[in-house]
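Each remark here refers to the structure printed beneath this line.
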Amino acid sequence: MLQGYAFVLILSGIAFILPVAATFMGYLLGPRKPDAIKGDTYESGVETIGDAWVQFRAQYYLIGLIFLIFDVEVIFLFPIALAYRNLSLFGVAATITFVLILILGLLLEWRKGSLEWQ
Amino acid sequence: MSEIGIGSLGSILPEIILIVGGLLILLLDMIQNSTTYQRESGRGFMAVAVLFLVVSLVGALLQMLSFGSPTSQGPHVAAYLVDIDPFTSFMKMTIYIGMTLVAIAGGSYMNRYSPRMGRGEFWSLFLFTSMAMGMVVSANNLILLFLSFEFLSISSYILAGYLRNNVRSSEAGLKYFLYGSVASSVMLYGMSLLYGVSGSLNLTEIAQAMAANTDFSIVALPAVLMLMVGLGFKMTLAPFFQWAPDTYDGAPTPVTAYLSTASKAAGFAVTARLLLIGLGAFSVEWVPVLSGLAILTMTVGNLMALRQNSVKRMLAYSSVAQAGYMLMGLVSVVSASQAELSQIDLASLGMNGLNGLLIYLFAYLFTNIGAFMVVMAIEEDSGSHDISAYRGLMQRSPGLALAMLIFLLSLTGIPLTGGFMGKFYVFGAAVQHQYFFLAAAGFINAGIAAGYYLRVVAAMLYEPAVDANGAEIAPKPLNMGMALQLTLAICVLVTLWIGIYPPNFIDLANDASRHLLALRF
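So the protein lines, in turn, are chains A and B.
If you use my numbering, the first sequence corresponds to residues 262 to 379, in order.
If you use my numbering, the second sequence corresponds to residues 814 to 1334, in order.
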């Protein structure tokens, strides 16, 4: 039974060796002529303006979280919609309860002012 | 596997009650407008929360009476994802009683210190946390187990960091969160190994699949090790306990009280169920892991506690050490010599280890909640939990000092207290199953522990009260609220009641433990 997973082991071995070999051979065989422009952080891009450490508003994460919750809700509702014909009354009631709880969450966010951009 | 319908809701009745209560509090919190926030004391929310906790306690009691009578080997009701058996009922009762006590006593503290806007949220989260604990002890399916475990952890992170304006509380929440998320991801990996080899999420089916094919035993040890990371985090076992002192110290004291008792009890219940049902056939793999963790936990916890000056922090380390003793009970379920294993009927033994664990958890719950409530009373009075704040407590408030004395004696394991009964059963099981090194380590550690518990006793009883600069002052009487007095009285009474060997209660624990053991053998 466990032997069936041998290919995973072999594959992970190959996946480890290949990039290491490629990097190492490049290091071994490639010519090196460094200069100021080549050594720059973004050799082939536009010159950077400002700092790479940009602050995001904390509220951005709040909106992201709220989005995530309702996104997950939709994922749960899809299988219910597909199996709707086979659902018992109990199943429908359970679905409605699920949606109601999430609506309560939306109401809470609205009342607590999480949806307003300050 | 039974059909899911209205009837199966009975098996999660207490949890449904708690969910409804939590959502109701959220609704009540929502319909307030901003001007009433200023006047709101939070007492209304607290009353609703306590009411729903008591109702769900009644629900759990009904469940116990209808699904498994306390004296017989009750019928084993397996709904789709949860097991309602004497073991589950015992743990649910323990946890809900603990949460109710914390809610009654800790309410005024929370309402006083928590930010004005978030009082309702605290109580709804408190109910959700209780619900998650009730769920996690009854789950017999890995997915439900993990989900309710995470639910419990996430709501606990928020509660630990609840005092937003307090840096220590935020630190407590953050540390708990960082440790917890790593630990539960490792645990999830262990669960995925179990699912990978057995092809089932149900614990009983996993046990059958693992027993059917000996090839799978390779996976048992890594799976146990990874599961123990997540479970050990919740039980504060030694290599995974570093979050505990900081979190217990910084979190609001009522939250600390439940984290160190009810949440830990839930962790032990899950571990017992996972190891005894899911991996019962692989005790050779998990017994050495667990006994090593037990010895390490009690030694590290006790040695660190010796050096603490803050009583709250000392109790945090002591709670780590107590987890080590409790783990001894779980190890002692299995006999040390394999030859004996097949001959004796473990479930018929008076000390089968698991009943020791249950008695220990129950007694420890009341003792430790009581001790943290005393810490809370002192903290509300003097703003400090340093040991110097406890000096002269006997003159200032004899009742409080005597209550703390009883709790500390119980934690030490002095006869006639609940802590002694727990230790007696756990150590007895270890000796009976020939884990002499384990019992010896336990006895030595209990001796070390007496040192730091009695230091607080000495400060309370014999040393005069001092002010912040160390100068002696006249003892000033200390006032406590009614709710706190009531809770302390209950905790003292139960601690003493278990200490006098109550036959009914011991029967209940025996029955719960036999049920889980009978499933395995």
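For glycine and all other residues, C-beta sits at the position ideal for the given N, C-alpha and C.
Remember, predicted model here, so these are calculated numbers, not experimental data.
Check, Outcome
"Which bits of chain A does Leu840 (chain B) rub up against, with CB to CB less than 9 angstroms?", "Leu365, Leu368 and Leu369"
"Using a Cβ-Cβ distance cut-off of 8 angstroms, determine whether Leu987 (chain B) contacts chain A.", "no"
"Quick one: which chain A residues come within Cβ less than 7 angstroms of Met843 (chain B)?", "Leu368, Leu369 and Arg372"
"At 4 residues or longer, and completely inside the region 1020 to 1099 of chain B: list those alpha helix (DSSP H) runs for me, N to C.", "1030 to 1048, 1056 to 1063, 1066 to 1072 and 1075 to 1086"
"Compare the C-beta of Ile336 (chain A) with all C-beta atoms of chain B and state if any pair is closer than 8 angstroms.", "no"
"In this structure, does DSSP put Asp896 (chain B) in helix, strand or coil?", "strand"
"Looking at Ile838 (chain B) and Val868 (chain B), is the spacing between their C-beta atoms short of 8 angstroms?", "no"
"Report the residue ranges of all alpha helix (DSSP H) runs contained in full by the region 311 to 347 of chain A; include only those spanning at least 4 residues, in chain order.", "319 to 343"
"Got a sec: is the Cβ-Cβ distance from Ile310 (chain A) to anything in chain B below 8 angstroms?", "no"
"Compare the C-beta of Ile362 (chain A) against all C-beta atoms of chain B and say whether one is closer than 8 angstroms.", "yes"
"Which first and last residues belong to the alpha helix (DSSP H) in which Asn1015 (chain B) is found?", "Segment: none, Asn1015 (chain B) is in no alpha helix (DSSP H) and carries neither H nor E."
"Please report whether the beta-carbon of Leu1038 (chain B) lies at a distance below 8 angstroms from any beta-carbon of chain A.", "no"
"Please name the residue, chosen from B:Phe935, B:Phe903, B:Leu972 and B:Leu991, that lies closest to Asn1317 (chain B) on a Cα-to-Cα basis.", "B:Phe903"
"Just checking: is the beta-carbon of Leu940 (chain B) within a distance shorter than 8 angstroms of some beta-carbon in chain A?", "no"
"May I ask you to list the residues that DSSP assigns as paired with Val1279 (chain B)?", "B:Glu1285"
"Please tell me whether Leu1007 (chain B) has its Cβ less than 8 angstroms away from any Cβ of chain A.", "no"
"Against chain A, does Leu836 (chain B) count as a neighbour if the rule is that its beta carbon must be under 8 angstroms from one of theirs?", "yes"
"DSSP puts Ser1123 (chain B) in a beta bridge; with which residues?", "B:Asp1199"
"Note down the Cα distance separating Gly823 (chain B) from Glu1192 (chain B), rounded to an integer number of angstroms.", "42 angstroms"
"For Asn1122 (chain B), which residues in the same chain have their Cβ closer than 7 angstroms to its Cβ, ignoring the five residues on either side in sequence?", "Asp1199 and Ile1200"
"Give a yes or no on whether the C-beta atoms belonging to Leu1170 (chain B) and Gly1142 (chain B) are separated by under 8 angstroms.", "yes"
"Per DSSP, what kind of secondary structure is Ala297 (chain A) in: helix, strand or coil?", "coil"
"Please work out which residues of its chain come closer than 6 angstroms, Cβ to Cβ, to Asp1194 (chain B), disregarding the five sequence neighbours upstream and downstream, and give them in chain order.", "Leu1291"
"Tell me the rounded alpha-carbon separation between Met1273 (chain B) and Cys1304 (chain B).", "19 angstroms"
"Quick one: Cα of Gln876 (chain B) to Cα of Asp898 (chain B), how far?", "9 angstroms"
"Specify whether the region 923 to 940 of chain B and the region 1091 to 1101 of chain B touch according to this definition: at least 3 beta carbon pairs, one from each stretch, less than 8 angstroms apart.", "no"
"To the nearest angstrom, how far is the alpha carbon of Arg1204 (chain B) from that of Leu1215 (chain B)?", "13 angstroms"
"Between the C-alpha atoms of Phe1233 (chain B) and Met1139 (chain B), what's the straight-line distance to the nearest angstrom?", "13 angstroms"
"Would you check if the distance between the CB atom of Asn1323 (chain B) and the CB atom of Asn1181 (chain B) is smaller than 8 angstroms?", "no"
"Per the DSSP calculation, Asn954 (chain B) is bridged to which residue(s)?", "B:Asn1015"
"When DSSP labels each residue in this structure, what does Ser882 (chain B) get in the three-state scheme?", "Only weak support is given to the placement of Ser882 (chain B): the predicted model assigns it a pLDDT of 49, under 50, and the question is left unresolved by the model."
"Over the uninterrupted alpha helix (DSSP H) stretch that includes Leu1224 (chain B), give me the two end residues.", "Pro1211 to Thr1225"
"Just how far apart, CA to CA, sit Pro1228 (chain B) and Lys1236 (chain B)?", "10 angstroms"
"Helix, strand or coil for Arg977 (chain B), going by three-state DSSP, please let me know.", "coil"
"Tell whether a beta-carbon distance below 8 angstroms holds between Ile1286 (chain B) and Gly1231 (chain B).", "no"
"Taking a contact to mean a Cβ-Cβ separation below 8 angstroms, would you say Tyr1266 (chain B) touches Thr1225 (chain B) in this structure?", "yes"
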